[in-house]
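Here the structure is laid out as structure tokens; the discussion comes afterwards.
2 protein chains.
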Amino acid sequence: MRLGDDIIQDEYTPDEGTLQEDEKMLKYQKIAEDMEHYIIDNALRQGDKLPVLEDLRKKYEVSKSTITKALELLEMKGIIYQVRGSGIFVRRHRRKGYINLDENQGFRSGLDDFQLTSEVLGLEVVAPSEEVMANLSISAEEPVYQVKRLRFIHGRPLCIEESYYKKSVVPFLNEQIVSESIFTYLREGLRLKIGFSDNFFHIRKLDEDEAELLALKTGDPALYYESVYHLPNGEAFDYSKLVYNYQEAQFYLQINSLS
Amino acid sequence: MRLGDDIIQDEYTPDEGTLQEDEKMLKYQKIAEDMEHYIIDNALRQGDKLPVLEDLRKKYEVSKSTITKALELLEMKGIIYQVRGSGIFVRRHRRKGYINLDENQGFRSGLDDFQLTSEVLGLEVVAPSEEVMANLSISAEEPVYQVKRLRFIHGRPLCIEESYYKKSVVPFLNEQIVSESIFTYLREGLRLKIGFSDNFFHIRKLDEDEAELLALKTGDPALYYESVYHLPNGEAFDYSKLVYNYQEAQFYLQINSLS
DNA sequence: TTGATAAATTGTACCGGTACAATTATAATG
DNA sequence: CATTATAATTGTACCGGTACAATTTATCAA
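Chains A and B, in that order, are what the protein sequence lines are. First residue of the first sequence: 2, per the working numbering; consecutive thereafter. First residue of the second sequence: 2, per the working numbering; consecutive thereafter.
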């Protein structure tokens, strides 16, 4: 089976028109976004105090629980923290240049400032291997897209990526989509939502082929990172394996205590 | 300043009596815990359906919003996922033997089954270095405990740990506490709650000293992991640097899409 | 000035309600 | 029997309320 010989679909053009704030944003989402902008625009720093709940309620003219919901969201995102009896405070502690693992949207937020490019090494529809079958919980009959890419940051090799997408969920991919951001396409082109992901990683040494692609030496260290992405209904649709250049990759992760 | 020469404090004996379910558990916490036990005891698997919200409400005799809160907690912990219009489902996907990064309690949950031991390499009260001052946001006058440990898993070296605790928050540490679980002591001995943590990591090569401690070779790969732990009120109290043995360390991380 | 005590502030737990959106089951239709 | 329309199921958004716990501020005593 060859690439793109069976599916007809409306073409996808990224960034069509202005950045519409999604079709239907919920109240608490809008409030959270607005507050985040406020924090950024006013360059607030760790520990700075935000208006108290009651004032926010008056300002946005919603009920207390809607404000609470917005604040929960911001808290989970690591943008604020709340202290009972005291107030709401800004929590910004990210070091620059670190890949943020908290939001499973590829590299969207952590590396905004960076020049990310991709070289497509392979793109085809294949039958799943045992490994892919296990991780995506599918049978041998379920076809998947196999995507191999070499990703660059500022022109330097960042990682080797080998991804598998269930064709029933992602029916069409082409060279252009894959050379840009696949997740942007999933989100905006297919209007696909992501539910959650499982992520595994460990360290190992590069083999000869990997080393050559990353312009490193055989035996050099590497971070080996696996992800399984699920739709909101729990269905796994993407299994990805990444091998990171140890000289370029540094990661950030914010963890909240689950009360 | 020498160790333990200035603070008198009630002695700490771990596991005093039976595992009391904390002094005052909230309704939604108890429900979440009960449901988690139910899932484990009945060996439910990924995708298995749980009772619908209304039935849970009747069973636990609480309001809908309390059930919702409990389910939110379980969702954040990666134990369930909810699908609107469909139901509540079990989400268990952890590979065995991986360190779980989601819950910031040291190695508590991810490595339950494993034999974790520690060799204390150093324990003293010191003035903070520039690096510690920056990460804990303290001045040179604020004393900190410095703890150096070599941690073993099944008797094999897992990581080198160098930790700094603000003495104003953790006024007392001794060899025995430090040779066991520091976080258990913080939680149960000091009744300290953790708010959130910032975590950073990257890959690098071992230097000579590190290699010797980990029984590896100079230049071998290693995961270099830094954490800054904060109290619920936002105060940073612990800065830790870990160097992981690449042969033993593998990590798991569950990420939810923040709607 | 210090330190305890009381009061005000402020976020969280919990209730119970309406409306609605996404899914699934059922009925109708060809 | 497959397809489509309809209805029932089920979780989520949002409201507005009471009670309470943790923190901060104000007050008072020594």
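All C-beta atoms in this analysis are idealised placements derived from N, C-alpha and C, irrespective of residue type, glycine included. Quick caveat, the model's predicted, so the values are computed rather than measured.
Residues that residue i contacts on chain B, provided the C-beta gap is smaller than 7 Å
{"i": "A:Leu259", "result": "Leu74, Met77, Lys78 and Glu104"}
{"i": "A:Ile195", "result": "Ser258"}
Chain-ordered neighbours of residue i on chain B, where CB pairs are closer than 8 Å
{"i": "A:Pro158", "result": "Here the premise fails: no neighbours, minimum Cβ distance about 14 Å."}
{"i": "A:Asn101", "result": "Those do not exist, as A:Asn101 stays about 10 Å from chain B at its closest Cβ, beyond 8 Å."}
{"i": "A:Ser87", "result": "Asn234"}
{"i": "A:Gln116", "result": "Per Cβ cutoff of 8 Å: no residues; A:Gln116 is ~20 Å from chain B at best."}
{"i": "A:Gln251", "result": "Phe201, Phe202 and His203"}
N-terminal and C-terminal residue of the beta strand (DSSP E) that residue i is part of
{"i": "A:Glu132", "result": "Per DSSP, A:Glu132 belongs to no beta strand (DSSP E); it is in the alpha helix (DSSP H), Glu131 to Leu137."}
{"i": "A:Asp199", "result": "Phe197 to Lys206"}
{"i": "B:Ser241", "result": "Ala237 to Asn246"}
{"i": "A:Gln83", "result": "Ile81 to Val84"}
{"i": "A:Ala223", "result": "Pro222 to His231"}
{"i": "B:Tyr186", "result": "First-last for B:Tyr186: undefined, no H or E at that position."}
With 16 other Cβ atoms within 10 Å as the buried cut-off, status of residue i
{"i": "A:His94", "result": "buried"}
{"i": "A:Gly123", "result": "exposed"}
{"i": "B:Val145", "result": "buried"}
{"i": "B:Ala33", "result": "buried"}
{"i": "A:Ser228", "result": "buried"}
{"i": "B:Asp150", "result": "In the sequence as presented, Asp is not what sits at residue 150 of chain B; that position holds Arg. B:Arg150 is buried by the Cβ-count criterion."}
{"i": "A:Glu162", "result": "buried"}
{"i": "B:Glu249", "result": "buried"}
{"i": "B:Thr14", "result": "Annotation note: pLDDT 37 at B:Thr14 (below 50); position unreliable, coordinate value reported separately. Exposed."}
{"i": "B:His155", "result": "exposed"}
{"i": "A:Lys242", "result": "buried"}
{"i": "A:Ala135", "result": "exposed"}
{"i": "B:Lys167", "result": "buried"}
{"i": "B:Tyr39", "result": "exposed"}
{"i": "A:Ala237", "result": "buried"}
{"i": "A:Ser260", "result": "exposed"}
{"i": "B:Ser164", "result": "buried"}
{"i": "A:Glu211", "result": "buried"}
{"i": "A:Ser198", "result": "buried"}
{"i": "B:Met36", "result": "buried"}
{"i": "A:Asp239", "result": "buried"}
{"i": "A:Gly98", "result": "exposed"}
{"i": "A:Leu20", "result": "With a pLDDT of only 38 at A:Leu20, under 50, the local geometry of the prediction cannot be trusted, and the value read off the model is given with reservation. Result: exposed."}
{"i": "B:Gly190", "result": "buried"}
{"i": "B:Gln251", "result": "buried"}
{"i": "B:Ile41", "result": "exposed"}
{"i": "B:Asp103", "result": "buried"}
Residue i: contacting residues in chain A (beta-carbon distance under 9 Å)
{"i": "B:His155", "result": "None at all; the shortest Cβ gap to chain A is about 17 Å."}
{"i": "B:Ser198", "result": "Leu254, Gln255, Ile256, Asn257 and Ser258"}
{"i": "B:Arg93", "result": "The contacting residues do not exist; B:Arg93 stays about 10 Å from chain A at best."}
Contact set between residue i and chain A, taken where Cβ atoms lie within less than 7 Å
{"i": "B:Pro233", "result": "Val84"}
{"i": "B:Asp345", "result": "Residue 345 of chain B falls outside the range modelled here, since chain B spans only 2 to 260, and no answer is possible."}
{"i": "B:Arg96", "result": "Phe201"}
For residue i: DSSP bridge partner residues
{"i": "B:Val53", "result": "Answer by DSSP bridge pairing: none, since B:Val53 is not bridged."}
{"i": "B:Pro172", "result": "DSSP output for B:Pro172 lists no bridge partner at all."}
{"i": "A:Leu124", "result": "A:Val148"}
{"i": "A:Asn101", "result": "A:Tyr253"}
{"i": "A:Ile154", "result": "A:Leu117 and A:Arg157"}
{"i": "A:Gly88", "result": "A:Val84"}
{"i": "A:Ser164", "result": "A:Val148 and A:Ser241"}
Chain-ordered chain B contacts of residue i [CB-CB under 9 Å]
{"i": "A:Tyr247", "result": "His203, Ile204, Arg205, Lys206 and Pro222"}
First and last residue of the uninterrupted alpha helix (DSSP H) at residue i
{"i": "B:Glu213", "result": "Glu209 to Leu215"}
{"i": "B:Ala71", "result": "Lys65 to Met77"}
{"i": "B:Glu37", "result": "Lys28 to Asp42"}
Contact test: residue i Cβ vs the ligand MG heavy atom, cutoff 8 Å
{"i": "A:Asp49", "result": "Absent from the structure shown: the ligand MG. Ligands present: none."}
Proximal residues of chain A, C-beta to C-beta of residue i below 8 Å
{"i": "B:Phe90", "result": "Gly235"}
Contact list for the region 37 to 52 of chain B against chain A, Cβ threshold 7 Å: Gly48
Beta carbons nearer than 7 Å to chain A: which residues of the region 208 to 221 of chain B have them? none
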